[in-house]
């Protein structure tokens, strides 16, 4: 495939960027962009064009799922953490963006703690050199796939909203319950509340013993594709305190994804050691259905949203233990859980279609941009 230098196909407008510290930003209508998207909204703008922003530092370098480039249009402000690229004649802005989104930056970025893609290096990056009609053909194809992916994602969100609506219809919120349910603390409703191991574990491939942290808890599941395999002896020693079993409720207790939760269901569950960033709740299933608890957290965000003087919010075990919730009859909880299971059948079908769409997108990106 014929290639061209990035500096030959676009204007580099980095000299026009102006960073504004958070303290000096005045709230306004214009997006303020950084390496990975919108950081804030401000009263003025620098650019008013169709542009591609490529991370300079702090970007998702090396990620196969999070892009390092994104497209912006209209009036905006850009700080000095993103390179600003304006395509020249003969280069479509979407094609430019797609060609850079998941660019392999191995050997291009430097910096031990905060990787940086310098302008000098960026100028020499290579992208496909194609006539504009071929660019448009590829862009239209990728845009259609993304549109389908977005529809599937919206379908999943609507199913979540359906479950939330059913929960509120049956139970109300903690602040406004539908009836006078009895109340109890989670300490009273659980046989055990703890968190994962404080500290690291020795990695050891092939043990089939997994070290799961906050990054593995999302989309209501425990994801093992990014979980490290660890030394068996270390696993056995620490598993006694945090003995994860099928049916246990997990919730992220620190960081940006605080509140993300899952109910353990994977066959690898009892070969899983949790990290400190995940709390484990073993509910007394005769009085508390874990599905009810999960959606109680989803509907009542005050259960996990905490104010912290530090930049990193933490949901302390003491707060979890002391959290008081309403406790409908187990029959009513089970009725709600049955509804969730029915909706989840639709979720599985939609998720399968979403995964297939993502595979198609990944395949096309690999085909056209390598």
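Numbering (my numbering), first residue to last: 3 to 372.
Backbone N, C-alpha and C define an ideal beta-carbon position, used for all residues, glycine too.
Nothing here was measured: the structure is a model prediction, and the numbers come from that model.
Quick check: does the Cβ of residue i come within less than 8 Å of any heavy atom belonging to the ligand ZN?
i, result
"residue 178", "Absent from the structure shown: the ligand ZN. Ligands present: none."
Kindly indicate which three-state DSSP category residue i falls into: helix, strand or coil?
i, result
"residue 168", "helix"
"residue 266", "coil"
"residue 298", "helix"
"residue 219", "strand"
"residue 307", "coil"
"residue 288", "coil"
"residue 11", "helix"
"residue 111", "coil"
"residue 20", "coil"
"residue 29", "strand"
"residue 104", "coil"
"residue 2", "Residue 2 lies beyond the stretch modelled for the chain, which goes from 3 to 372, so this question has no answer here."
"residue 35", "strand"
"residue 43", "strand"
Excluding five sequence neighbours on each side, which residues of the same chain lie with their C-beta closer than 8 Å to the C-beta of residue i?
i, result
"residue 193", "284, 285, 286"
"residue 359", "147, 150, 151, 154"
"residue 166", "297, 300, 301"
"residue 161", "345, 348, 349, 352"
"residue 337", "172"
"residue 121", "14, 16, 58, 85"
"residue 27", "34, 42, 44"
"residue 145", "96"
"residue 30", "43, 44, 45, 46"
Going along the chain, which residues of its own chain have a beta-carbon closer than 6 Å to the beta-carbon of residue i, five neighbours each way excluded?
i, result
"residue 237", "211, 275"
"residue 190", "none"
"residue 241", "275"
"residue 83", "36, 37, 58, 59, 60"
"residue 52", "75, 95"
"residue 262", "219, 220, 254"
"residue 185", "326, 328"
"residue 233", "204, 206"
"residue 49", "78"
DSSP beta-bridge partners for residue i?
i, result
"residue 56", "71, 85"
"residue 277", "199"
"residue 186", "327"
"residue 316", "256"
"residue 205", "232"
"residue 49", "78"
"residue 128", "7"
"residue 118", "59, 112"
"residue 282", "196, 252"
"residue 179", "174"
"residue 212", "231, 274"
"residue 224", "219"
Rounded to whole angstroms, what's the CA-CA distance from residue i to residue j? Just pull it up for me.
i, j, result
"residue 368", "residue 334", "50 Å"
"residue 214", "residue 247", "13 Å"
"residue 254", "residue 209", "25 Å"
"residue 313", "residue 74", "For residue 313, the pLDDT reaches just 49, beneath the cut-off of 50, and the residue's location in the model is therefore unreliable, although a value from the coordinates is still provided. Near 28 Å, if we compare the C-alpha coordinates of residue 74 and residue 313."
"residue 290", "residue 281", "17 Å"
"residue 7", "residue 135", "20 Å"
"residue 17", "residue 138", "30 Å"
"residue 201", "residue 227", "21 Å"
"residue 87", "residue 66", "22 Å"
"residue 365", "residue 305", "41 Å"
"residue 231", "residue 23", "41 Å"
"residue 13", "residue 125", "10 Å"
"residue 315", "residue 90", "44 Å"
"residue 4", "residue 10", "14 Å"
"residue 363", "residue 355", "12 Å"
"residue 34", "residue 45", "10 Å"
"residue 332", "residue 249", "16 Å"
"residue 311", "residue 42", "Reliability of the predicted coordinates at residue 311 is poor, the pLDDT of 49 falling under 50, and no value is obtained from them."
"residue 133", "residue 55", "23 Å"
"residue 260", "residue 303", "10 Å"
"residue 140", "residue 131", "13 Å"
"residue 128", "residue 117", "20 Å"
"residue 239", "residue 268", "22 Å"
Which whole-angstrom value describes the C-beta separation of residue i and residue j, a residue pair presumed to lie in contact below a C-beta threshold of 8 Å?
i, j, result
"residue 77", "residue 199", "Not a contact, Cβ separation roughly 49 Å."
"residue 103", "residue 70", "7 Å"
"residue 371", "residue 100", "7 Å"
"residue 79", "residue 105", "Incorrect: roughly 24 Å between the Cβ atoms, too far for contact."
"residue 329", "residue 266", "Wrong, their Cβ atoms sit about 22 Å apart, outside the cutoff."
"residue 63", "residue 111", "5 Å"
"residue 196", "residue 243", "7 Å"
"residue 323", "residue 187", "7 Å"
"residue 251", "residue 292", "5 Å"
If you drop the 5 nearest sequence neighbours on each side, which residues of the same chain put their C-beta closer than 7 Å to that of residue i?
i, result
"residue 39", "72"
"residue 294", "335, 338, 339"
"residue 177", "none"
"residue 288", "332"
"residue 157", "352"
"residue 174", "180"
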